[in-house]
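Shown next, in structure tokens, is the structure this report addresses.
Numbering (this note's numbering), first residue to last: 33 to 441.
Structure (structure tokens):
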């Protein structure tokens, strides 16, 4: 089953639980628009290369399309369709007035120079300009796309429009229309949800035993927030190694070590553990913040954590979902757990359109004010329908999309 089939399976499961209106289910069973383009890019050696690119606009019932652009050799149309669907669900889960979109370009960004990446980014805007814009579809960073790439894209779009159009993309540098707090918003939003979940479940606000898989931006920020809150982060995994210390890791020192050595491997005072040992650790909270499909039917039964917080997109397969629910693991799904990123992207767009910018404290408070009610709505749906929290999040989101669809029609 490919990633888009998984997404449709999640849709059908939630639709049955809530008795979703058949017309809304039919509309959500395929994207509203799929746009493909071949991007001609002049390489540094003077040759011309063509790159296949996609933009999928899934659903706009609640507002303009919103979602990132990824540059990756494994990009596929099915993947982009699934991600755009999940963006529609994610935006509705945290109740921001946006629909779902996603883009991708098939390439290995590590094989291109910075100048080639810039030319590619500007070519993407020229190709997709007719279907994007501040009131149509607002892209953002994703895998291997950065604030600098967003700045090039906003600049190219503004040149073509003949006026400043900073709201065409989000995730830009703060110096060029970006929002304070955007860089840490995915982890910060997840942290607020985790705090609320711990309170709901009667767990302590500090001193809990935790592990984080992934030590990129989101994973490292989450580990830092957990450490600062007084929790014990006993294991951290990156792409090269998994380090463990029963007494807890010093996360600020680990971050410095990773910056210097490009991996957590051989961090002093730790022992290396295996992938299977990592997921079988006796924990209060497990935070997958790395890749898709990490928790499967093969390892889900070994998970002893009370809470699993999906900071990554799609780290748990549907089969593993069922096992974890049966084992009473509280899984906080990606569409809620990592929605802080799109929430602050929405805040950035609002600030761009109003040309009035908020303080870091304002952004943080507004983020908290979105994430906590979203958690409460999802938890309540889970209790009402006796379903896992992923299905509960989908039910919450689909109900909001359904109301908007019916109001429009």
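Ideal Cβ placement from N, Cα and C applies to all residues, glycine included.
Is residue i near residue j, with beta carbons less than 8 Å apart?
| i | j | result |
| --- | --- | --- |
| residue 376 | residue 399 | yes |
| residue 47 | residue 421 | no |
| residue 171 | residue 215 | no |
| residue 314 | residue 56 | no |
| residue 203 | residue 173 | yes |
| residue 226 | residue 264 | no |
| residue 368 | residue 410 | yes |
| residue 266 | residue 243 | yes |
| residue 425 | residue 177 | no |
| residue 182 | residue 163 | no |
| residue 295 | residue 270 | yes |
| residue 306 | residue 331 | no |
| residue 277 | residue 253 | no |
| residue 184 | residue 153 | yes |
| residue 325 | residue 250 | no |
| residue 383 | residue 389 | yes |
| residue 268 | residue 304 | no |
| residue 351 | residue 337 | no |
| residue 43 | residue 60 | yes |
Going along the chain, which residues of its own chain have a beta-carbon closer than 8 Å to the beta-carbon of residue i, five neighbours each way excluded?
| i | result |
| --- | --- |
| residue 257 | 219, 220, 223 |
| residue 335 | 311, 312, 318, 327, 356, 359, 361 |
| residue 436 | 93, 94 |
| residue 196 | 190 |
| residue 151 | 73, 74 |
| residue 186 | 197, 198, 200, 201, 204, 208, 209 |
For residue i, which option in the options has the closest C-alpha, if you only look at C-alpha atoms?
| i | options | result |
| --- | --- | --- |
| residue 180 | 209, 331, 158, 169 | 209 |
| residue 129 | 241, 374, 243 | 374 |
| residue 146 | 263, 293, 392, 75 | 75 |
| residue 81 | 138, 36, 117 | 138 |
| residue 84 | 286, 160, 63, 43 | 160 |
| residue 121 | 112, 113, 132 | 132 |
| residue 118 | 140, 144, 91, 104 | 91 |
| residue 402 | 372, 418, 305, 382 | 372 |
| residue 233 | 39, 347, 316 | 316 |
| residue 63 | 70, 382, 77, 36 | 36 |
| residue 97 | 192, 108, 199 | 199 |
| residue 103 | 67, 261, 268, 143 | 143 |
| residue 70 | 440, 347, 136, 416 | 136 |
| residue 353 | 423, 391, 412 | 423 |
| residue 38 | 381, 385, 346 | 346 |
| residue 348 | 231, 140, 245, 54 | 245 |
| residue 247 | 34, 286, 279 | 286 |
| residue 108 | 34, 54, 432, 78 | 34 |
| residue 279 | 78, 385, 262, 432 | 262 |
| residue 123 | 432, 386, 292, 415 | 432 |
Using a Cβ-Cβ cutoff of less than 6 Å, which residues in the same chain neighbour residue i once the five nearest sequence positions on both sides are dropped?
| i | result |
| --- | --- |
| residue 65 | 89 |
| residue 289 | 299 |
| residue 344 | 320, 321, 322 |
| residue 297 | 272, 273 |
| residue 366 | 342, 345 |
| residue 417 | 49 |
| residue 168 | 96 |
| residue 381 | 170, 199, 202 |
| residue 67 | 87, 163 |
| residue 175 | 102, 104 |
| residue 391 | none |
Under the assumption that residue i contacts residue j (Cβ atoms under 8 Å), give the Cβ distance between them as a whole number of angstroms.
| i | j | result |
| --- | --- | --- |
| residue 406 | residue 110 | Not really, about 28 Å apart at Cβ, beyond 8 Å. |
| residue 149 | residue 188 | Going by Cβ atoms, the distance from residue 149 to residue 188 rounds to 13 Å, so no, they are not a contact pair. |
| residue 51 | residue 105 | That belief does not hold up - the Cβ atoms of residue 51 and residue 105 are roughly 42 Å apart, past 8 Å. |
Who are residue i's beta bridge partners in DSSP?
| i | result |
| --- | --- |
| residue 138 | 104 |
| residue 22 | Residue 22 is absent from the model: the chain starts at 33 and stops at 441. |
| residue 375 | According to DSSP, which records beta bridges pairwise, residue 375 is partnered with nothing at all. |
| residue 245 | 269, 320 |
| residue 348 | 327 |
| residue 389 | None, per the DSSP bridge assignment. |
| residue 82 | 72 |
| residue 87 | 67, 135 |
| residue 276 | 267, 303 |
| residue 340 | 318, 363 |
For residue i, which residues from the same chain have a beta carbon less than 7 Å from its beta carbon, with the 5 sequence-adjacent residues on both sides left out?
| i | result |
| --- | --- |
| residue 229 | 339, 362, 364, 407 |
| residue 395 | 211, 212, 213, 376, 379 |
| residue 134 | 88, 99, 100, 112, 115, 116, 119 |
| residue 72 | 80, 82, 155 |
| residue 419 | 49 |
| residue 283 | 255, 256, 259, 265 |
| residue 41 | 350 |
Can you find a C-beta in chain D that's less than 8 Å from the C-beta of residue i?
| i | result |
| --- | --- |
| residue 342 | Chain labels in this structure do not include chain D; a single protein chain is all it has. |
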